[in-house]
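Colleague: Start counting at 1 in the sequence shown, then tack on 49, and there's your number in this note's numbering.
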Amino acid sequence: MNPISSLPLPPGNLGLPFFGQNPKIQKNHQNIIEEIHQKYGPIYKIRLLGKKFILFQGYEAVKFVLTNEKYFTSANKNQYFTSTEVFRNYQIIYGQHDITVLVGKEHREIQKLLAKTLKNKVLNNYINTIHNLSQSYISKWMKSNYVDLYFEINNYTLDIVLKLLLGIDSASESEISNYLKDMRSGLNTIPLSFPWTKLGRALKSKDKLFNQFEQIIVKRQKESDFGSDILGILLTVQGQTNNKLTVREIAEQMVNLLSLGIKELSSALTSFLILISEHLDVLKLLEIEQEKLDSSEPLSLDKLKKMVYLEQVIKEVLRLAPPVSCGFRQVIQDFSFQGFRIPKGWYISYQVNSVLQDPEIYEQPEKFNPERFNAANAEDKKKPFCYIPFGGGTRECIGKEFSYLVIKIFISVLLNNSSWKFQENQDLTINKFPVARPANKIEVCFTAK
Ligand code: HEM
50 MNPISSLPLP PGNLGLPFFG QNPKIQKNHQ NIIEEIHQKY GPIYKIRLLG
100 KKFILFQGYE AVKFVLTNEK YFTSANKNQY FTSTEVFRNY QIIYGQHDIT
150 VLVGKEHREI QKLLAKTLKN KVLNNYINTI HNLSQSYISK WMKSNYVDLY
200 FEINNYTLDI VLKLLLGIDS ASESEISNYL KDMRSGLNTI PLSFPWTKLG
250 RALKSKDKLF NQFEQIIVKR QKESDFGSDI LGILLTVQGQ TNNKLTVREI
300 AEQMVNLLSL GIKELSSALT SFLILISEHL DVLKLLEIEQ EKLDSSEPLS
350 LDKLKKMVYL EQVIKEVLRL APPVSCGFRQ VIQDFSFQGF RIPKGWYISY
400 QVNSVLQDPE IYEQPEKFNP ERFNAANAED KKKPFCYIPF GGGTRECIGK
450 EFSYLVIKIF ISVLLNNSSW KFQENQDLTI NKFPVARPAN KIEVCFTAK
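1) When we look at the beta-carbon of residue 147 and count the other beta-carbons within 10 Å, is it buried (16 or more) or exposed?
2) According to DSSP, simplified to helix, strand and coil, what is residue 3?
3) Residues bridged to residue 496 by DSSP?
4) Using the beta-carbon count (16 or more within 10 Å), is residue 357 buried or exposed?
5) Mind checking residue 159: buried by the 16 CB within 10 Å criterion, or exposed?
6) Can you check whether the CB of residue 207 is closer than 9 Å to the CB of residue 179?
7) With H, G and I counted as helix, E and B as strand and the rest as coil, what does DSSP make of residue 113?
8) For residue 192, does the count of other Cβ atoms within 10 angstroms reach 16, so buried, or fall short, so exposed?
9) Considering only the beta carbon of each residue, do residue 283 and residue 149 sit closer than 9 Å?
10) Assuming the contact rule is C-beta atoms closer than 8 Å, residue 441 and residue 451 should be a hit. Round their C-beta distance to whole Å, please.
11) With DSSP run on the structure shown, which of helix, strand or coil describes residue 151?
12) For the stretch 226-235 against the stretch 256-263, are there 3 or more C-beta pairs whose distance is under 8 Å?
13) What does DSSP give as the partner residues of residue 95 in its beta bridges?
14) Starting from residue 197, trace the beta strand (DSSP E) both ways and give me its first and last residue.
15) Only counting the same chain, and skipping five residues up and downstream in sequence, which positions put a Cβ closer than 8 Å to that of residue 286?
16) Looking at the ligand HEM, does it come within less than 8 Å of residue 494, judged from the CB to the closest heavy atom?
17) Please determine if the stretch 361-375 and the stretch 107-120 are in contact, where contact requires at least 3 C-beta pairs separated by less than 8 Å.
18) Kindly provide the ranges of any alpha helix (DSSP H) runs that are 4 or more residues long and lie completely inside the stretch 383-444, ordered along the chain.
19) Could you check where the beta strand (DSSP E) with residue 132 kicks off and where it finishes?
20) Report the CB separation of residue 183 from residue 493 in whole angstroms; it is logged as a contact under 8 Å.
21) Where do the N-terminal and C-terminal ends of the alpha helix (DSSP H) with residue 288 fall, by residue?
22) Quickly, what does DSSP pair residue 479 with across the bridge? List them, please.
23) Three-state secondary structure (DSSP) at residue 55?
24) Rounded to a whole number of angstroms, what is the C-alpha to C-alpha distance between residue 483 and residue 303?
25) Determine the direct distance from the alpha carbon of residue 100 to that of residue 68, and round the result to whole angstroms.
26) What did DSSP end up calling residue 338 once you bin it into helix, strand or coil?
27) So what's residue 137 in DSSP terms, helix, strand or just coil?
28) From the DSSP output, in three-state form, read off residue 84 for me.
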């Protein structure tokens, strides 16, 4: 008898077919996940989004998922997981070439291409745009009384990402933000496309967004200099390879970067301001670090590297309030883990928080302590895959360096120009699923220094 088939499934309750725990989980994801974890242990089954899931919690389980994925070579024989989209209309809306659904060689090629537009020296190209937009937003906020923090930060990140992707100015004031909203609303709805259904509206907005992007791409391809934004770098890099993408495929990649970056960045910036407002000693140290920098030196990657304490604080914010609370995979062959049978075809969700809050890795994990990331403590380097706000392994986020760049520039402009105060007695609760964001409107008043 096959020894795997004789093993039991993990404990847990699949709930009702179609609905399962779904409505409850979406409303109060983190608490419910923790409650079930207490009851069944780190590996358990649950029904989410109408599908059979096994949740993997804790360092060992999460590392197992991140290191046993289907890869583009067969060097690692334990290829148990493949990437998957759990929202039923995802591919109809975002396309077949979305990096998050590609696997194997095709995934590797797109990942390499896109990574070249978001890493290392090319980041230099983006500094001025991020700096100017940060200054312009912060000046605007200083002229208002209280502003709606998450709403404003979302507009800021949308403007930054679209300007850097395709050279589009003031995207937040255009129809683009509505198109993106419609597309997100159609992700997990009845798969019927009529003008009055959510999917119908999502597809209509998708067509408009793709049309706009495709026109920009075709025009740019005719120019002698492709430019130094993300599209320009992508066109230049792919011109040097045999991997020629069609205009449609390039547009799909641009839409993917947009949909994968904005909410996560907005979440990180919002949590940064909330956590700093609760730790004024840390704010003081951040200000001192900025004062020590040479203000006549223009902003550059080298200057940003000197903001060592700021980087520690960002790491701590992402540890305590990770924008992405979990990742999804599908099982491609039966295997056993910790005495349980994990069947082919089931879905897996690995839980980011369970690693970032593990007391065996992080001392007093509930405490906000940026010093845990100084060179002497380096708690993030204690074990491989123990610091995973950006995931890990084959599918680690390719926007990581870019995100640090945006957060560092924004916060340094803010520290040098403005003070801020949260409206009193506000509920600062963060909803953690699908991307962490404030549960309620948060008002903040920015004033000139
Ligand atoms: C603080 C900000 C961000 C956080 C915390 C974050 C987090 C993550 C995580 C956890 C994953 C892996 C998901 C998985 O394992 O399935 C991921 C993947 C990805 N992220 Fe990010 N992300 C951030 C910003 C960005 C930005 C700004 C971009 C692009 C402009 C981006 C592009 C991507 C892409 C393309 C992938 C898919 C990689 C692949 O499947 O190979 N991310 N991100």
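Think of the CB as a built atom: it goes at the ideal place given N, C-alpha and C, for glycine as much as any other residue. Remember, it's a predicted structure, so these values are computed and weren't measured experimentally.
Modeller: Looking at the coordinates:
1) buried
2) The structure shown has nothing for residue 3, since the chain only spans 50 to 498.
3) DSSP, once it has assigned bridges, lists 468 as partnering residue 496.
4) Its Cβ having fewer than 16 others within 10 Å, residue 357 is exposed.
5) With 16 or more Cβ atoms within 10 Å of its Cβ, residue 159 is classed as buried.
6) No, the Cβ-Cβ distance between residue 179 and residue 207 is not below 9 Å.
7) helix
8) exposed
9) no
10) In fact, because the Cβ distance is near 17 Å, the residues do not count as touching under 8 Å.
11) coil
12) Taking a cut-off of 8 Å on C-beta distances, the stretch 226-235 touches the stretch 256-263, as three or more cross pairs fall below it.
13) 62, 102
14) 195-197
15) 162, 165, 166
16) It does not: the Cβ of residue 494 is nowhere closer than 8 Å to a heavy atom of the ligand HEM.
17) no
18) 401-405
19) 130-132
20) Contact doesn't hold; Cβ gap of about 16 Å is too wide.
21) First-last of the alpha helix (DSSP H) with residue 288: 279-288.
22) DSSP lists 487 as the beta-bridge partner residues of residue 479.
23) coil
24) 21 Å
25) In this prediction, residue 68 scores a pLDDT of 48, lower than 50, which makes its location untrustworthy; the coordinate-derived value is nonetheless stated afterwards. Looking at the two C-alpha atoms, the distance is approximately 9 Å.
26) helix
27) coil
28) helix
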